[in-house]
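> Residue numbers (the numbering used here), protein chains in the order written: chain D, 1 to 305; chain A, 1 to 247.
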Amino acid sequence: MAERVTDTRVVLSGVELDNPVIAASGTFVYGEEFKDFYDINILGAFSFKGTTREPRFGNPTPRIAECESGMINAVGLQNPGVDAVIEHEIPNMRKFYHKPIVANVSGFSLDDYAYTCERLDPYADILEVNVSCPNVRHGGMSFGTQPESAAEVTRAVKAVTTKPVYIKLSPNVTDIVSIAKACEEAGADGLCLINTLLGMRIDVARRRPVIANKMGGFSGRAIFPVAVRMVWQVAQACRIPIMGCGGVATATDVIEMMMAGATAVQVGAENLRNPYACKEIIEALPAEMERLGIDRLSDTIGIVK
Amino acid sequence: MYKQGIYKIVSNSRIAKSVYKMVLEGDTQYVTAPGQFVNIELEGKFLRRPISVCDYDERAITIIYKVVGAGTEQMSHMAEGEELDVLTGLGNGFDTSKAGERNLLVGGGVGVPPMYNLAKTLKAAGRQVSVVMGFNAEDEIFYAEEFKALGVDVYVATADGSVGTKGFVTDVIREKALQYDYFFTCGPLPMLKALYDATGEIGGQLSFEERMGCGFGACMGCSCQTKYGTKRICKDGPVLLKEEVIW
Chain D
1 MAERVTDTRV VLSGVELDNP VIAASGTFVY GEEFKDFYDI NILGAFSFKG
51 TTREPRFGNP TPRIAECESG MINAVGLQNP GVDAVIEHEI PNMRKFYHKP
101 IVANVSGFSL DDYAYTCERL DPYADILEVN VSCPNVRHGG MSFGTQPESA
151 AEVTRAVKAV TTKPVYIKLS PNVTDIVSIA KACEEAGADG LCLINTLLGM
201 RIDVARRRPV IANKMGGFSG RAIFPVAVRM VWQVAQACRI PIMGCGGVAT
251 ATDVIEMMMA GATAVQVGAE NLRNPYACKE IIEALPAEME RLGIDRLSDT
301 IGIVK
Chain A
1 MYKQGIYKIV SNSRIAKSVY KMVLEGDTQY VTAPGQFVNI ELEGKFLRRP
51 ISVCDYDERA ITIIYKVVGA GTEQMSHMAE GEELDVLTGL GNGFDTSKAG
101 ERNLLVGGGV GVPPMYNLAK TLKAAGRQVS VVMGFNAEDE IFYAEEFKAL
151 GVDVYVATAD GSVGTKGFVT DVIREKALQY DYFFTCGPLP MLKALYDATG
201 EIGGQLSFEE RMGCGFGACM GCSCQTKYGT KRICKDGPVL LKEEVIW
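1. Can you list, in chain order, the residues of the segment 270-303 of chain D whose Cβ is nearer than 9 Å to any Cβ on chain E?
2. If you measure beta-carbon to beta-carbon, which residues of the segment 2-30 of chain D are closer than 8 Å to chain A?
3. Once you ignore the five residues that flank A:Ala125 on each side, which residues in its own chain have a CB closer than 8 Å to its CB?
4. In chain A, what lies closer than 7 Å to D:Ser69 by C-beta?
5. I'd like to know if A:Met75 contacts chain D, where contact means its C-beta is closer than 8 Å to some C-beta of that chain.
6. Counting only beta-carbon atoms, is A:Phe216 nearer than 8 Å to chain D?
7. Which residues does DSSP pair with A:Arg232 in a beta bridge?
8. If you measure from the beta carbon of D:Phe224 to each beta carbon in chain A, is any gap under 8 Å?
9. Just the C-alpha distance for A:Ile9 and A:Arg49, rounded to the nearest angstrom, thanks.
10. As a quick exercise: from A:Gly35, A:Ser11 and A:Met1, pick the residue whose alpha carbon is nearest that of A:Leu24.
11. For a contact meaning CB atoms closer than 8 Å, what does D:Gln78 contact in chain A?
12. Within 8 Å, do at least three Cβ pairs link the segment 180-196 of chain A to the segment 223-230 of chain A?
13. DSSP state of D:Ala287, grouped into three classes?
14. What's the C-alpha gap between D:Tyr123 and D:Ile281?
15. By how many angstroms is the C-alpha of A:Gly213 removed from the C-alpha of D:Ser69?
16. So, at 8 Å on beta carbons, what are the nonlocal neighbours of A:Ala70 in its own chain, with the 5 sequence-adjacent residues on each side left out?
17. By the criterion of Cβ-Cβ separation under 7 Å, what are the contact partners of D:Asp36 in chain A?
18. The segment 192-214 of chain A: which residues have C-beta closer than 9 Å to a C-beta of chain D, in chain order?
19. Going by DSSP, what residues sit across from A:Asp55 in a beta bridge?
20. By the 9 Å beta-carbon criterion, what residues does the segment 87-116 of chain D contribute toward chain A?
21. Give the straight-line distance between the Cα atoms of D:Ile303 and D:Pro225, rounded to the nearest whole angstrom.
22. D:Phe48 versus chain A: which residues are under 8 Å apart at the beta carbon?
23. Could you name each continuous beta strand (DSSP E) segment of 3 residues or more that falls completely within the segment 224-252 of chain D, going from the start of the chain to the end?
24. Please compile the residues from chain A whose C-beta is within a distance smaller than 7 Å of the C-beta of D:Asn195.
25. Considering just the uninterrupted stretch of the alpha helix (DSSP H) at D:Phe37, what are its terminal residues?
26. Kindly say whether D:Pro171, judged by its beta-carbon, lies nearer than 8 Å to any beta-carbon of chain A.
27. With 8 Å set as the bound, which would you pick, yes or no: does the beta-carbon of D:Lys305 sit closer than that to a beta-carbon of chain A?
28. So what does DSSP say about D:Asn19, is it helix, strand or coil?
29. Give a yes or no on whether the minimum CB-CB distance between D:Ile202 and chain A is below 8 Å.
30. Count the other CB atoms within 10 Å of the CB of A:Tyr228; is the residue buried (16 or more) or exposed (fewer)?
31. Quick one: Cα of D:Lys35 to Cα of A:Leu206, how far?
32. Taking C-beta pairs closer than 8 Å, name the residues in chain A that D:Gly58 reaches, listed in chain order.
33. Can you tell me whether D:Asp83 is helix, strand or coil according to DSSP?
34. Taking 8 Å as the threshold, find out whether the segment 237-246 of chain D comes into contact with the segment 258-269 of chain D through three or more Cβ pairs.
35. Give the interface partners of D:Pro62 over in chain A, defined as CB-CB distance under 9 Å, in chain order.
36. Can you check whether the C-beta of D:Glu66 is within less than 8 Å of a C-beta belonging to chain A?
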């Protein structure tokens, strides 16, 4: 019997990916830390560390807390700022990574978002605009929690770039669908969901929060069902492509997320516990497709209605 | 350079109150300096457990850990022959090229283990080594004999005075008027700060601890600010030069 050929390719707003697996922002830095583990050119793409206009140290430590099947982080957008990213990080990354780049951008004002996206436009295949980081007071969160402010960010960024603009949405909202639709109507090329769920742990012996910032973003396997549900809900309501994100740890998870409506799938926290997570998932995809009778992975996008 | 590998537990035994010594057999080529650490995957735990390397040779890595939570508790029950998924070669480790002629090595509690291979390395390089170990009480003391067997001077301080000098590591250094021209240390933050202040103009290296996510520089969970910029304790540390530390 001839071996069946499995096709893992997907297309995100004209950007062709060898496979739908994208390393999620904040878990893959600028790629350097993973290149000693494996050749990261096997990735569909990767979304680099959330970048802001100015350098940021982030929140005080401790800013990590372990949970059952997941973790909380309150890093708070630590990054060297857009100038250093363009001057050092991207040229360094391009020495060992030649596949599409998703540039993740955060800001504290419409002007910040527009400025940083405009600066990163020449280097990015896709701009991923984070309106959902829960760690920054008076910042990212407020834009992502209201349809109108999310739409404003979308319009501000669309005005300065010709690259596909994906808005990364927060799950910490009453109605994610209304925010997703507002972004779509404002011209977003796609959406990325979900960012982390707001969480908290308490050290019961010391009677105080584990994390210095008290609360943080909960990610990891535990949030997968929430992510699948939200991707599905948004896919029912919007026509633009979705990068599904949240708790993905296996090739089966990737397919499940795609069936819910994702065109590509991001792997986040799993990279931090298993540095080979993306590699293992990508290598397992063909066999898993075969097991499920899937010839072309893109055929499964949104098949669950 | 760091690497993931499967390691076989050769031994795992209690050596002091809540303190265990585990010997892991496997590929040790990525451990390149004393003061580095390994990150151990445990069944049912989302994050790995970072533990400093006490000693290493061509075939095995020795770690000493204290039971402080569910993860280390689980480790303490593991038996000889069981296997662990471990990332090795993590952290910068101590830079022994900067060592002096007379080196003071100071370890507090489970900050003692990384001093062992360091002492060995410095002795092999023909340097003088004095080791100061600080513990709370007699039942927590470990490795004093092992250090003595390396042919180094060993001084112990206990907070309750049950063994050696009563007080902190800085009390022994003062009481014995220890002479040194460089120091290396690992231990709890208040001890590091006290030693930093007590060493005056003398240079040294301090190994820091912070709650980590990944252990290889990807999550930015354990960052700190230094005079040389922002550093990740796991990747750019855990060892910082005295001159760059900001308290």
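We treat Cβ as the ideally placed atom computed from N, Cα and C, and that holds for glycine.
In brief:
1. No chain E appears in this structure, whose protein chains are D and A.
2. So the close ones are Gly26, Thr27, Phe28 and Val29.
3. Excluding residues up to 5 positions away in sequence, Thr96 and Ala99 lie with their Cβ nearer than 8 Å to the Cβ of A:Ala125 in the same chain.
4. Contact of D:Ser69 with chain A by beta-carbon distance below 7 Å involves Phe46.
5. Chain D, which has no Cβ nearer than 8 Å to the Cβ of A:Met75, makes this no.
6. A:Phe216 belongs to the set of residues whose beta carbon lies under 8 Å from a beta carbon in chain D.
7. Beta-bridge pairing links A:Arg232 to A:Ser223.
8. With its beta carbon at least 8 Å from every one in chain A, D:Phe224 lies outside the interface.
9. The alpha-carbon of A:Ile9 is positioned some 16 Å away from that of A:Arg49.
10. Per the Cα distances, A:Ser11.
11. Going along chain A in sequence order, the residues near D:Gln78 (Cβ under 8 Å) are Met220, Ser223 and Thr230.
12. As far as the Cβ criterion goes, the segment 223-230 of chain A does not touch the segment 180-196 of chain A, which means the pair count is below three.
13. Of the three classes helix, strand and coil, the one that applies to D:Ala287 here is helix, per DSSP.
14. Roughly 27 Å between the two C-alpha positions.
15. Distance from the CA atom of D:Ser69 to the CA atom of A:Gly213, rounded to whole angstroms, is 13 Å.
16. Answer for A:Ala70: Lys45, listed in chain order.
17. Against chain A, the beta carbon of D:Asp36 has neighbours under 7 Å at Met1 and Tyr2, listed in chain order.
18. Under the 9 Å Cβ criterion, the segment 192-214 of chain A contributes Glu210, Arg211, Met212, Gly213 and Cys214.
19. Looking at the DSSP output, A:Asp55 sits in a beta bridge with A:Thr62.
20. Listed by position along the chain: nothing, the set is empty.
21. Rounded to whole angstroms, D:Ile303 to D:Pro225 spans 17 Å at the Cα level.
22. Result: empty, since nearest Cβ-Cβ is about 12 Å, beyond 8 Å.
23. DSSP runs (the beta strand (DSSP E)) wholly in the segment 224-252 of chain D: 242-245.
24. Chain A residues near D:Asn195: none, gap ~15 Å exceeds 7 Å.
25. Here D:Phe37 belongs to no alpha helix (DSSP H), and DSSP marks it neither H nor E.
26. No, D:Pro171 lies away from the interface with chain A (no Cβ there is under 8 Å from its Cβ).
27. With its beta carbon at least 8 Å from every one in chain A, D:Lys305 lies outside the interface.
28. DSSP places D:Asn19 in coil when its eight states are reduced to three.
29. By this cut-off, D:Ile202 is not an interface position.
30. A:Tyr228 comes out exposed.
31. Answer to the nearest angstrom: the Cα atoms are 29 Å apart.
32. Against chain A, a Cβ distance below 8 Å from D:Gly58 picks out Met220 and Ser223.
33. In the structure shown, D:Asp83 sits in a helix (DSSP, three-state: H, G or I).
34. The answer is yes - the segment 258-269 of chain D touches the segment 237-246 of chain D, with three or more Cβ pairs under 8 Å.
35. The answer, in chain order, is Glu210, Arg211, Gly221 and Cys222.
36. For D:Glu66, the answer is yes, since a Cβ of chain A falls inside 8 Å of its Cβ.
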